[in-house]
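Just so we're aligned, residue 0 is where the sequence shown starts under numbering that gives the first Met the number 0, counting upward by one. These notes concern the structure reproduced below.
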Amino acid sequence: MTPCTAKKTFQAAAEARAQLVVQLKDNQPTLLQQAQALSATGKPIMTETSVTRGRNRHETRIVAVFEPVWGGDETEWKPLVKQVIQVTRNVLQRSAKTGLWSSSAEVAYYLASAPLIAPQLAAIRNHWHIENKLHYTRDVTFQEDNSRIRTNPGIFARLRSFAYNILRCNKTDSFNQTRFAAALGNLNALRHWILS
């Protein structure tokens, strides 16, 4: 989402009296830098820490919520953004092969159009679930980002979505293997969904 699109989205949410949470990315460098500066110098109004363990993985998630402080009072974002949210994920992952632990850290920033309370912050975790389950599968298994289709790309995006939904409905163990089997003519991969 470009800054211009983000601003229009926030304006539409304000007009509809809807709550909106948008992740800041690299294509919004000014807003992202302002959020980073705010989290480095400001004091959060709320923090929440959660720990998830399981299957050789230990994840600590720290959510910090800040009141937005913009450079000037006349900024166009002031009436639209009510909170800036910083999510820090520290992950320890144990390799079953070597037994060694590796660590990774990731920081993401979000803008909220209304003050959020702790249960609503769980929506951010659901965003990662969608990102990992849907978008990662489409990018890796269906190689959507590598697509060179320039004529009617929306049609092929819908076909990939259709194939993804069939595989998800069948509760397949491996998208790659089931997709490969279907490509070889083994339509049993699709039969359950088509007949039900």
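Yeah, the Cβ is synthetic: ideal placement off N, Cα and C, and Gly gets one too. Predicted model only: the values in this text are computed from it and were never measured.
By the CB criterion at 8 Å, residue 65 and residue 43 fall inside the cutoff. Taking C-beta separations shorter than 8 Å and ignoring five residues to either side along the sequence, the partners of residue 84 in its chain run 20, 62, 63, 64, 65, 108, 109, 110, 111, 115, 120, 123, following chain order. One alpha carbon belongs to residue 57, the other to residue 75, and they sit about 41 Å apart. A direct Cα-Cα distance of roughly 13 Å separates residue 173 from residue 141. The alpha carbon of residue 40 has as its nearest neighbour, out of 68, 60, 162, 77, the alpha carbon of 68. In the structure shown, the three-state DSSP call for residue 145 is helix. Annotation: the continuous alpha helix (DSSP H) that includes residue 154 extends over 152-168. Put simply, the backbone Cα of residue 12 is about 12 Å away from that of residue 81.
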